[in-house]
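Residue numbers (the working numbering): 868 to 1734. Glycine is no exception: its CB is placed at the ideal position from the N, C-alpha and C atoms.
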């Protein structure tokens, strides 16, 4: 059956406080919320109201409150009663208008599975490979947010929840027969009155059992908590009940929401999840009757908010953990003046005026866990409210900041929706249910320990974000589902993956002046069509993303090198393949970036039907050197500091030769490494190629190293040794005959040569039909060297690999890093407090993980190592 998806941006339940009144003669006929002292409803007040032809809409005996419908002048009459604490027009909470885009499987899911992504280079998967019926395919592809909280599903091995623990969801209801929800749905109640909030919705019968969702928001929230099917929630086996307070459109009165809180509490739920919020003010509050122009002084707090507080306290006192959204207005909720100005701007047209200090509710109420939202990079979502001491915890809520870029919707949160389907949404509404689910998991594990202890456990197990302690944007950090203590490698400070639904990888990394990192690689996740683009990620020192961007030319862009410049900026080197009607262009492209990633200038070197590959950069005082190949020869190109060409020269013999690395030398020259087919001693195969040139490009000497048996060899990196020689690392490619096809499997080569290129020692690692590769080498501050690459650990699976050795080539230590699938390292740099390793991963991906013979996505992979 064809499934239809819905794409929804920013469907957040926001609180818009509008007095509910019917148009009529003066004074207005309105609903009023009345709170009594001592939380008791006096019988005599009820009788007086009836004599004034007022209608009692609802009573809250546990809270000492009523909602009454009658004339606006009842405000003055009720304020004169000694038993009345406060009275005000009933507030209506509304749904924010949302952009909805229809989306279906054929347009979104199938293209991802039919990309033909390789399991490994040269090995294509079968696009028709079947998945088991119970395989949560949509979870694996789209739910990056759930993976973030569950640590890629590790928490499912510890706790999934159970039906002895129940989450009460106060929202728009739920699709009762949704295949991903119905096994965990334990019932619900409807609080939407007959006719809906405006009395005009004929589908609203007011029947208490009619909690079927007409909007989709509540169903999305439910899937985030307890989805178990094609999607997975954070707690996929926990029970939940749905309390419907919103219809398809319009809003809900505070008294309706309070009724749901009371019902959920009396139903003995363990957690209440409320993806809604609003504002109140402590000071003087005025309301003007639009019919008469009479202004009423409502006291120092709206009655609805006092009622709200009483309901929350009632729930907490009865052992219920209450979780609520921080709000979607991008305001500092602890800046009382800012909140008050916001209130007057929003509610002034409805007759309200606030004088005093404003604050958000229910997030600021005692006993409530307030949840802020992040986007896919652990950065505060653009819409999320914040405030010192206001935000308790953070969870992924998605963000639409990339709109209208290709695949922008992948940054939103994917969950269940109407018509037994699914949708993408964003908001603190989407963050809140993740925290509610974690609260339920904690109760499943530890029993009914009480709201305070549950809240403390959530804070204690969170992952720190931002400023240590309680951050203004993230509170105590990113919520984490309970899982068994992880045995972290003692060498690892932290590790991160970055990417979308596609193939992403890092080639180079540098530490920036502010202690963070700039990562340079390639992506097809954020590109429409089959092309690849350059991918830049700037992080803070702890790996959180500061900014990211894609860039490139028409065609495929291949990233090759990254170097910092003295002005705090960066140089990016890549080559671009562009197939046009008049020929194919393979050009070298050099970018100069400012520290914030802005392009300052770009230079392109090449021409029609020529091949120019730029592989390595050297930064000089007066310009830059690019090493690579041109039309089959090793090639050097020098520019000035503005990227203008100074000279270009080719090197090599009669066959094909290339340069893959260039470094400046202490004597003012350049050392270049690569590979050559021009070594006549070994025949038609690649050999190691090293040559030394003066700064003007004049060759001083060259060396070709190799052995027979058709083993191809290439230099991948060079480092200067402290005695004037050079450390070389590279690959020996061993031929493997597979029928009519010859494949090559690399082993690691590293050696030392003197200043004239004469060999001092040579080491080889691997070569027994297993995959080992070294791509980067750096001198360390203790006089040794460290290389990075990858090592095979099983058929088609590899780990990132680090080897530290001394000046004689003796091993100091070696280490692999990775998980069950293939993980690679392409670059390593020494930092102020250790090392940073960059590469790519298939084990940790935000998108689809390789499963059942179908090649999966690949993400940028960064590992911070201790000293």
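- Here the alpha carbons of residue 1019 and residue 1670 stand approximately 28 Å from one another.
- Excluding sequence positions up to five before and after residue 1404, its CB lies within less than 7 Å of the CB of 1365, 1386, 1412, 1415, 1727, all in the same chain and listed in chain order.
- Per DSSP, residue 1566 lies in no alpha helix (DSSP H) segment; the continuous beta strand (DSSP E) that holds it begins and ends at 1566-1572.
- Under the three-state reduction of DSSP, residue 1042 is assigned to coil, being neither helix nor strand.
- The continuous alpha helix (DSSP H) containing residue 1015 extends over residues 1011-1017.
- The residue from 1591, 1238, 895, 1496 with its alpha-carbon nearest to that of residue 1195 is 1238.
- Straight through space, the alpha carbons of residue 1588 and residue 1485 are spaced by roughly 17 Å.
- Residue 1528 is not a Cβ neighbour of residue 1501, given a cutoff of 8 Å.
- In this structure, DSSP gives residue 1093 a helical state, which the three-state scheme calls helix.
- Secondary structure at residue 1541: strand, using DSSP grouped into helix, strand and coil.
- Comparing alpha-carbon positions, the option among 1464, 1487, 1445 lying closest to residue 1473 turns out to be 1445.
- The shortest CA-to-CA distance from residue 1107 to any of 1694, 1127, 1156, 1031 is the one to 1031.
- Where residue 1108 is concerned, the enclosing beta strand (DSSP E) starts and stops at 1106-1111.
- Residue environment analysis places residue 938 among the buried positions, since at least 16 neighbouring C-beta atoms fall within 10 angstroms of its C-beta.
- According to the DSSP assignment, residue 1322 belongs to no beta strand (DSSP E) but to the alpha helix (DSSP H) extending over 1318-1327.
- Excluding sequence positions up to five before and after residue 1033, its CB lies within less than 7 Å of the CB of 1053, 1106, 1107, 1108, 1136, 1137, all in the same chain and listed in chain order.
- Under DSSP, residue 1631 shares a beta bridge with 1616.
- Considered as a whole, the segment 1336-1375 harbours no complete run of any alpha helix (DSSP H) with no fewer than 4 residues.
- Leaving aside the five residues that flank residue 895 on each side, the residues in its chain whose CB is nearer than 6 Å to its CB run, in chain order, 888, 939, 1156, 1158.
- According to the DSSP assignment, residue 1207 belongs to the alpha helix (DSSP H) that extends over 1203-1214.
- Between the segment 1699-1708 and the segment 1374-1385, the count of C-beta pairs closer than 8 Å reaches three or more; the two stretches touch.
- Beyond the five residues adjoining it in sequence on each side, residue 1201 comes within less than 7 Å, by CB distance, of 1254, 1255, 1256, 1257 in the same chain, given in chain order.
- Here the alpha carbons of residue 1288 and residue 1005 stand approximately 11 Å from one another.
- Secondary structure note for residue 1081: it is in no alpha helix (DSSP H), with a DSSP letter that is neither H nor E.
- When DSSP states are grouped into helix, strand and coil, residue 1301 belongs to the helix group.
- The DSSP-derived three-state label of residue 1273 is coil.
- Between residue 1312 and residue 1329, the gap from beta carbon to beta carbon reaches 8 Å or more.
- With at least 16 other beta carbons inside 10 angstroms of its own, residue 898 counts as buried.
- Per DSSP, residue 1470 is one residue of the beta strand (DSSP E) stretching across 1466-1472.
- Boundaries of the beta strand (DSSP E) harbouring residue 1418: 1412-1418, taken from the DSSP string.
- Of all alpha-carbon atoms in 1281, 1180, 1199, the one lying nearest the alpha-carbon of residue 1232 is that of 1180.
- Straight-line spacing of the CA atoms in residue 1676 and residue 1652 works out to 9 Å.
- In this structure, residue 1121 places its C-beta atom within 8 Å of the C-beta atom of residue 960.
- Counting along the chain, residue 1122 sits inside the alpha helix (DSSP H) bounded by residues 1121-1133.
- Contact check between the segment 1088-1096 and the segment 1279-1294: three or more CB pairs, one atom from each, fall below 8 Å, which counts as touching.
- Contact between the segment 1371-1378 and the segment 1039-1059 is absent, with fewer than three C-beta pairs closer than 8 Å.
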